[in-house]
Each structure stands twice: as structure tokens, then as C-alpha cells.
Amino acid sequence: MWYSRRKLGYWLLSLASGLVLACTARNVETSWFGQSVPGTELPSNFPPPVYALDQNSASSEAFALGRALFYDARLSRTGEVSCGSCHKQATAFSDAGQRYSRGVLGHLGTRNTPGLQNLRWRKELLWDGGANHIETMPLAPLANHLEMGETLANVLHKLNANPDYQRRFAKLYGRQPIDSYQFLRVLAQFTASLTSANSRYDHFRRHEAGGMLSKSELRGLSVLRRNCTPCHAGDTFTDESYRNNGLDRAFPLDSGRAHITGRRSDVGRFKVPSLRNVAVTAPYMHDGRFQTLEQVLNHYDQGIVTSPTLDPIFQQPNRRPQIPLSPQEKTDLLAFLNTLTDESFLHDKRLAAPVPAIETPPSVTSAFAHKSVSY
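This is the structure:
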């Protein structure tokens, strides 16, 4: 998922405008209330979050409403694609198995869909850092013609036509109509709740029951700390940096971070992803070129390609660039990476789509598509 900073900045202007329109929609009531809001308790082995909840106070009503929006396909232009269409809970809110995700009208994206987890700890988001705030992150896929292909104005148009959405937003904010500020804040209530911190590794770190690691897994942890930091440092397993990890000699189709900054030094640099739940999010890299973790490790050991912006961390004195890994080290590292799978996160019913799922048949969507409004 990506979008240019210029276009994203254009979208951000709408935050102050509070655009208001109207359209037709269906009821989105859920029966979720009464359960605890996920992600409100900070993991003791995590650093302080970038996005503190005092910036957007959590409540069961706001969370449930944000969840409804996340899974509502009407946010897309054709009513086909919701956020949850490409970000599936069972695979850490990635689109595992798909090199590129399909958006409206069957369009194929240009980057592998990253997982959505621990977003409160992210200073910048998307593969190229095109979003610098969790609340504005949805604007990129929303506007991308290959993904959801919609305008914020049209989204608000649809929401304000739905009596149930009107009622629920009014209950939260005490005013109508629904504006961009309310919409993005409520959606962030859900995305901010996607905290993954209950893997077997986490229990090990916090000295909790179920936290035993095998000898191979412990050796794998040592391999990671010795060979894979600072990129995958700490218990978030990312240093938030952008790096060229030697995939290609040139980057004519996707310049990475340079797409945002315009700097030649950023060509081929992409955001370092977290390793959490990495065992369930294949394929890997920004373009999904590797189908297995074994292929990823073989790339770092034997396949790094030199280019002008290759990260210095891969340089070896008088040798080709690599992270040397023995067969045993690879086996142990793979064993450890599997301890980062958080089954409770992947199967938490509070994060699943509302029942019934919020969907509108394309035939219904097309009835108001001709009334779409641009700005």
C-alpha cells in the first residue's frame, strides 16, 4: 500500500474541512458491547507507545464503531473492498498467500500488503513511510485507485446517509454531521487496538507460564541478536528504519523511500518490518518475492545484490555483502521466529468482523455511484 506525499497532503487538508454529504446504506449495529477493549493494556516488555490513548480515549462504543468501519466494504468506490479484505486477522492482518492484493474492479496492487499490528509504536507507516500518523494512514489505501479507489468526500457522503452510523457517531461526539475528524479518529480506535504481545516469546520475556523455549529456539534468539540487529531490535522487532537490503541492482519500478523524500540516497530503501507473527505472513519483502522464510534467510546469506544505496550493515571486509549464516544457524533462527506467533491475537473474536459482516452488494452500491462527489 502506498501513496505519494503530495497527494496524501492534499487529503489531509480535508481533516479541517469536515466534509459532509449524504447517501443510502444499511444498518451496522453490533452486539460487541460489554467486552473489554483490546490493546488498552501496555505490554510490560514494550517501550512507551508513540500513539498514547490519551490522544484518542478508548471506549467500547468507539472501538466497536471503528471495527464496523474497518470491515465495511462500502468505504470503497464499488462496495467490493473493505480494509479487512486485504488485512485478514488470521494472518496478522496481512494478505498472506498473495504477492499483491486485489482492490476495486480486480485491480492488482504494486506492493505486498503488510500486516497491521502494534501500530501504536510506529512513528511512520507504509512501506515507504508515506503516512506519519496512525489516524491518517487509511487515507492512502482509500484514495489509491488500485485499492479502494474512493474519495473521503464520498465516504462521508455514505456514512451520513446511514441512520445507524449517524446515531453512533452522534453518541460519541455529540454533534452531526459526521466529518473527517470523527471518521479517522474512530477508525484509529480499531487499528490502535491491534496489539500483538502474547506470543510464546513474550511469555518467556515476562517470565510467565508457557514461556519455555527449546535449546534450538534459544540458540535462534542468540543468532537474531547477533546477526539481525539493529534492524530487528527490541521486543517490537523493528528499529523503524528504512534500508536497502540488497534485493536488486536498480529500482526503476519502485524507488521505495525515495518515492516520498525525492532523495537519491533513499532509492531502494524500504521500511524494516516487524518480525512478529512473521511465520504466518508469507510472502515476504515489499514485493512479496520470497515465498518462505528459508528463502529470506538464503537471500541474506547468499543472495544480496550490490547497489549504490545498499545498507552498510551488509558490507563484509574484502568479501561480498552478506549476513553469513550456517545451516544450523538458519534452522535455529527459523525455530525462534516461530515463537513470535501470537495465536491469541490471530484468533481474538473481538478483532473479527462483526456478525453479520457489513457488506453492500455491488448492485446496491452502483445505485448511488453516479452521485459521487469529488473535491
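Under my numbering, the residue at position 317 of the sequence shown is numbered 1098, and the numbers go up by one with no gaps.
For glycine and all other residues, C-beta sits at the position ideal for the given N, C-alpha and C.
Keep in mind the model is a prediction, meaning the values are calculated, not measured.
Are the beta-carbon atoms belonging to residue i and residue j less than 8 Å from one another?
| i | j | result |
| --- | --- | --- |
| Ala849 | Ser866 | no |
| Gly910 | Thr1062 | no |
| Ser1022 | Gly1049 | no |
| Ala1133 | Gln870 | yes |
| Thr891 | Leu927 | yes |
| Glu931 | Leu937 | no |
| Ser1055 | Thr1017 | yes |
| Ser961 | Thr1120 | no |
| Val885 | Ser863 | no |
| Glu916 | Arg966 | yes |
| Leu1100 | Asn899 | The question names Leu, but residue 1100 is Arg in the sequence shown. Contact flag unset, no. |
| Val1086 | Asp1029 | yes |
| Gly1015 | Pro829 | no |
| Asn837 | Pro1064 | no |
| Val1053 | Cys1012 | yes |
| Leu1127 | Ala934 | no |
| Pro1033 | Tyr852 | no |
Within a Cβ cutoff of 6 Å, which residues of the same chain sit near residue i, ignoring the five residues on either side of it in sequence?
| i | result |
| --- | --- |
| Leu1002 | Phe1117 |
| Met918 | Leu906, Ala912 |
| Asn1008 | Ile1104 |
| Ala978 | Pro824 |
| Gln1111 | A small correction: the amino acid at residue 1111 is Lys; Gln does not occupy that position in the sequence shown. Taken in chain order, the residues that qualify are Leu1078. |
| Arg986 | Asn826 |
| Gly992 | His984, Phe985 |
| Gly733 | Only positions 782 to 1156 of the chain appear in this structure, which leaves residue 733 out of reach. |
| Asp876 | Cys867, Ser882, Thr894 |
Could you tell me which residues DSSP puts in a beta bridge with residue i?
| i | result |
| --- | --- |
| Ala912 | Leu906 |
| Arg1100 | Gln1097 |
| Leu1034 | Beta-bridge pairing links Leu1034 to no other residue. |
| Phe1071 | Tyr1065 |
| Ser875 | Lys869 |
| Arg883 | Leu889 |
Which residues in the same chain as residue i place their Cβ atom closer than 7 Å to its Cβ, once the five residues preceding and following it in sequence are excluded?
| i | result |
| --- | --- |
| Asp1113 | Ser997, Arg1000, Gly1001, Val1004 |
| His914 | none |
| Val831 | Arg901, Trp902, Arg903, Lys904 |
| Ser812 | Note on Ser812: pLDDT 36, under 50, position unreliable in the model; the coordinate value appears next. Excluding positions up to five away in sequence, the list is empty. |
| Asp1092 | Arg1024, Asn1025, Asn1026 |
| Pro819 | Ser974, Thr976, Asp1129, Arg1131, Leu1132 |
| Ala843 | Leu953, Val967, Gln970 |
| Gln1096 | Pro1102 |
| Ala839 | Val818, Thr821, Gln970 |
| Cys1071 | Note on residue identity: the sequence assigns Phe, not Cys, to residue 1071. Cβ neighbours of Phe1071 beyond the five flanking positions: Pro1064, Tyr1065, Val1077, His1080. |
| Thr1122 | Ser980, Asn1058, Ala1060, Val1061 |
| Ala803 | The pLDDT assigned to Ala803 is 32, lower than 50, so where the model puts this residue is not dependable; a value taken from the coordinates is nonetheless given after this. These residues qualify, in order along the chain: His938, Asn941, Ala942. |
With a threshold of 8 Å on Cβ separation, who are the neighbours of residue i within its own chain once the five nearest residues in sequence on each side are excluded?
| i | result |
| --- | --- |
| Leu1115 | Gly1001, Leu1074, Glu1075, Leu1078 |
| Gly1037 | Trp908, Asp909, Tyr1023, Asn1025, Asp1047, Val1048, Gly1049, Arg1050, Phe1051, His1067 |
| Leu889 | Tyr881, Ser882, Arg883, Leu927 |
| Gly1084 | Gly1027 |
| Leu994 | Arg981, Tyr982, Phe985, Leu1002, Phe1117, Thr1120 |
I want to see whether chain B comes within less than 8 Å of residue i, judged by CB atoms only; does it?
| i | result |
| --- | --- |
| Leu1002 | Annotation note: the requested chain B is absent from the structure, which comprises a single protein chain. |
Quick one: which unbroken beta strand (DSSP E) runs of 3-plus residues sit fully inside the region 818–843? Chain order, please.
The qualifying runs do not exist here; there are none.
I'd like to know if the region 1091–1111 and the region 949–957 are in contact, where contact means that at least 3 CB-CB pairs between them fall below 8 Å.
Counting C-beta pairs with one atom in each stretch, the region 1091–1111 and the region 949–957 have fewer than three that are closer than 8 Å, which means they do not touch.
Runs of alpha helix (DSSP H) wholly within the region 1006–1064 (minimum 4 residues, chain order)
Listed in chain order, the complete alpha helix (DSSP H) runs (minimum 4 residues) inside the region 1006–1064 are 1039–1042.
Is the region 1076–1088 in contact with the region 934–943, if contact means three or more CB pairs nearer than 8 Å?
The answer is no - the region 934–943 does not touch the region 1076–1088, with fewer than three Cβ pairs under 8 Å.
Using 8 Å as the threshold, is the region 828–848 in touch with the region 957–977, meaning 3 or more CB pairs across them?
Taking a contact to require three or more Cβ pairs closer than 8 Å, the region 828–848 and the region 957–977 qualify as touching.
Just to confirm the assignment: which complete alpha helix (DSSP H) runs, minimum length 4, are found wholly within the region 922–1010?
Listed in chain order, the complete alpha helix (DSSP H) runs (minimum 4 residues) inside the region 922–1010 are 933–942, 944–954, 961–972, 981–986, 996–1008.
Secondary structure, alpha helix (DSSP H): runs of 4+ residues fully inside the region 1105–1141:
Counting only runs of 4 or more, we get 1108–1118, 1124–1127.
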